[in-house]
Amino acid sequence: MSGDGTTAMVEVRGVHKRFGRLEVLRGIDLDVRPGTVTVVLGPSGSGKSTLLRAVNHLEKLDQGYVRVDGELIGYRRVGDKLRELPEREVLKQRTRLGFVFQNFNLFPHLTVLENLVEAPVGALGVPREEARARALELLERVGLADKAAEYPRRLSGGQQQRVAIARALALEPKVLLFDEPTSALDPELVGEVLDVIKDLARTGTTMIVVTHEIGFAREVADTVVFMDGGVVVEQGPPARVLDDPQHERTRAFLAKVL
Amino acid sequence: MTALTPEQALPIRQPADSAEELRIVPHRRPWRLVAGLVALVLAAQFLHGLAVNPGWDWPTFRAFVFSDSILRAVGVTLQLTAYGTVLGFALGAVIAALRLSGSPILRTIAWTYVWAFRSIPLIVQLVFWFNLAYLYKRIGIGVPFGPTFASFGTTDLLGALGAAVLGLALHQAAYAAEIIRGGVLAVDAGQLEAAAALGIPKFRQAWRIVLPQAMRGILPNAANEVISLFKGTSIVYVMAIGELFYQVQVVYGRTGRVVPLLMVATVWYVLLTTALSLVQYHVERYFARGSERHAPPTPWQRLRAAVTESKEKRA
Ligand SMILES: Nc1ncnc2c1ncn2[C@@H]1O[C@H](COP(=O)(O)OP(=O)(O)OP(=O)(O)O)[C@@H](O)[C@H]1O
Ligand SMILES: [Mg+2]
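Structure below.
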């Protein structure tokens with residue numbers, strides 16, 4: 001782990017998040033080096049989704065900060081205060097972070113192609129023709145070029161999630177965040193989505209992936225992070241965290257899911 | 001005709017021995033047929049009565065249904081409906097947005113508006129606007145509690161028609177606001193989250209992502225409102241505005257032919273409501289795109305398909 005923040009693409013420092021009385025994140029520190037894959041594991045309710053959402057400021061923080069490529073997300077430093085940015089600027093920052101949801105959240109009233117074109121045109125002002133050409137390339141990449149004119153609800157779950165990944169890629173983000181991308185899928189569709197993510201890993205995309213797929217973690221992750229009760233219990237290369245866990249809680253969790 | 005060979009003639013009587021040869025026969029519903037016939041007889045009787053009973057006085061109906069004064073009155077009714085709808089829904093959209101905003105003050109203002117205008121009967125409100133000149137002789141534009149830059153006589157600014165449009169629009173806005181708010185609330189929260197995660201600007205999120213999806217919930221209720229407003233405009237007859245119902249009353253007051261003139265009004269209301277329903281049907285189909293696995297064909301498409309199919313069969 002590098003602590004100086006210059007070599008990390010994503011830098012999470014001392015992040016706390018409370019929902020009312022419940023403290024869901026209790027001081028999270030995390031570094032993600034550029035071009036690496038970080039897989040976050042942990043039992044249900046341990047705060048994995050909240051952490052991911054905090055990284056692109058879908059959740060406000062109570063303490064600590066997140067930096068992506070050196071830039072504070074959602075806040076501006078004024079003296080020793082972190083002042084929240086206006087929504088307009090947070091939205092601009094989010095175009096540099098791709099987010100893939102468990103339930104895809106594709107726009108059902110837009111075709112697959114329009115889903116991919118919407119953000120580049122609407123948020124970045126890319127000319128429509130250029131955005132379309134790029135969208136078609138991305139659909140080709142996830143193997144869905146023939147579905148460009150289709151509406152999302154007429155696709156299978158696996159196809160929808162691949163479209164959602166392509167949609168996130170359309171903004172050419174620096175980091176991709178995945179929140180359990182295969183949990184809503186039938187078992188036989190999990191593979192096709194994981195294949196797309198593996199392909200992205202090979203081409204050096206920086207990613208944070210929350211998942212319960214231990215096999216995927218072992219194969220693709222550079223770093224595995226195990227969370228429980230709002231803290232990072234341990235982290236390290238998959239060989240160490242998955243095969244030789246140091247903490248009792250990690251061992252208990254792995255025993256249950258393996 | 002050639003004689004049938006035994007092999008061709010016989011199989012009809014023999015039980016089929018493979019699954020494909022079994023014929024599928026729909027369940028018979030004899031009572032459906034009986035009920036249909038009874039309904040047809042009753043309808044025929046009613047139509048016959050309409051045609052031969054002299055009380056309906058069809059010659060008078062024919063004389064007035066396309067008369068200038070009635071057509072003009074239909075025009076006024078349509079105008080009131082159009083202004084009431086457009087202004088009502090525009091204001092309603094603003095109120096719905098306030099009601100959904102993060103500001104407690106704006107939310108309270110919007111709630112109060114809806115509460116007030118749903119509480120006051122429309123007719124009371126209309127008469128009130130009609131008599132506004134009694135309350136405020138002049139209306140001015142300026143700084144609140146400060147100097148006035150321009151002022152107008154209330155009666156110049158707000159004629160009877162203006163008062164009617166104002167009343168209808170303000171009343172409509174309260175209902176439109178709730179309909180729009182309901183439609184927006186029905187859109188999955190994940191949609192806004194996805195739009196926010198993609199960095200799509202706020203206004204575009206509302207316009208491109210939320211509203212088109214909210215329209216599915218809004219449209220049936222909005223169409224109800226437009227149609228009920230269309231017929232509801234007849235309430236402004238209390239202000240002596242020459243809309244359809246008022247004009248019909250004027251004519252039968254003069255001629256004493258109540259029934260045929262009521263029929264004139266009824267026919268116009270029915271015709272135009274039908275037109276509105278057709279528009280609704282097609283607009284709803286447009287906003288349903290992407291929602292069903294297969295959008296069902298329109299009656300028109302079904303008719304055309306049936307025609308081409310029968311042509312192909314004959315060919
Ligand atoms: N918006 C919210 N309001 C209140 N509590 C919340 C909210 N979001 C999450 N929580 C709570 O925070 C805790 C952590 O939730 P989170 O979704 O981050 O867990 P998770 O690790 O992603 O779990 P899972 O594996 O089930 O997705 C849970 O107890 C949850 O109930
Ligand atoms: Mg989660």
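Read top to bottom, the protein sequences are chains H and D. Residue 239 in full-length UniProt numbering is what sits at position 239 of the first sequence, and the numbering runs on without skipping anything. Residue 181 in full-length UniProt numbering is what sits at position 181 of the second sequence, and the numbering runs on without skipping anything. The beta-carbon is built from N, C-alpha and C at its ideal position, and this holds for glycine as well.
Using a cutoff of 6 Å, the CB of G159/D does not count as near ligand 1, since none of the ligand's heavy atoms is closer than that. Listed along chain D, the residues sitting closer than 8 Å to R94/H by beta-carbon distance are A196, A197, L198 and G199. With respect to chain H, the C-beta atom of P297/D has no partner C-beta closer than 7 Å.
The C-beta of D228/H has 16 or more other C-beta atoms within 10 Å across all chains shown, which makes the residue buried. For E84/H, the uninterrupted beta strand (DSSP E) segment begins and ends at K81 to E84.
With 5 Å as the limit between CB and the heavy atoms of ligand 1, the residues that fall short of it are F19/H, V24/H, S44/H, G45/H, S46/H, G47/H, K48/H, S49/H and T50/H. Against chain D, a Cβ distance below 7 Å from F101/H picks out G190 and A194. For the 7 Å CB-CB criterion, V251/D and L261/D form a contact.
Between the alpha carbons of L50/D and W56/D lies a distance of about 7 Å. Distance from the CA atom of Y65/H to the CA atom of L200/H, rounded to whole angstroms, is 27 Å. With contacts defined by Cβ atoms closer than 7 Å, M239/D and F130/D form a contacting pair. Residue nearest to V236/D within the set G162/D, W268/D and P299/D is G162/D (criterion: CA-CA distance). The DSSP-derived three-state label of Y65/H is strand. Of all residues in the stretch 166-196 of chain H, the ones placed with a Cβ closer than 9 Å to any Cβ belonging to chain D are R167, A168, A170, L171 and L177, in chain order.
Spanning the alpha carbons of A164/D and L80/D requires a straight line of approximately 8 Å.
Following the DSSP letters along the chain, one finds T223/H inside the beta strand (DSSP E) bounded by residues T223 to D228. Contiguous alpha helix (DSSP H) elements confined to the stretch 12-83 of chain H occur at 48-55, taking only those with 4 or more residues. A check of alpha carbon separations from R216/D across R181/D, I200/D, F203/D and P26/D identifies R181/D as the nearest.
At the C-beta level, V231/H and V225/H stay beyond 7 Å of one another. Scanning its chain for C-beta atoms nearer than 6 Å, with the 5 sequence neighbours on each side dropped, one finds around A145/H the residues L139, in chain order.
In the assembly as shown, T211/H is a buried residue. Its beta-carbon has 16 or more other beta-carbons within 10 Å. Uninterrupted alpha helix (DSSP H) stretches at least 4 residues long and entirely within the stretch 39-102 of chain D occur at 58-65 and 68-99, given in chain order. Distance between L185/D and P201/D, taken at the CA atoms: about 19 Å. In summary, the residues of the stretch 204-226 of chain D whose CB is separated from some CB of chain H by less than 8 Å are R204, R208, I209, P212 and Q213, in the order they occur in the chain. Collapsing the DSSP output to three states places V250/D in a helix.
Contact between P173/H and I197/H does not hold, since the beta-carbon distance rounds to 14 Å and is not under 8 Å. For F99/H, the beta-bridge partners assigned by DSSP are L177/H. In this structure, the CA atom of V175/H is about 13 Å from the CA atom of V39/H.
Here the alpha carbons of V307/D and G92/D stand approximately 45 Å from one another.
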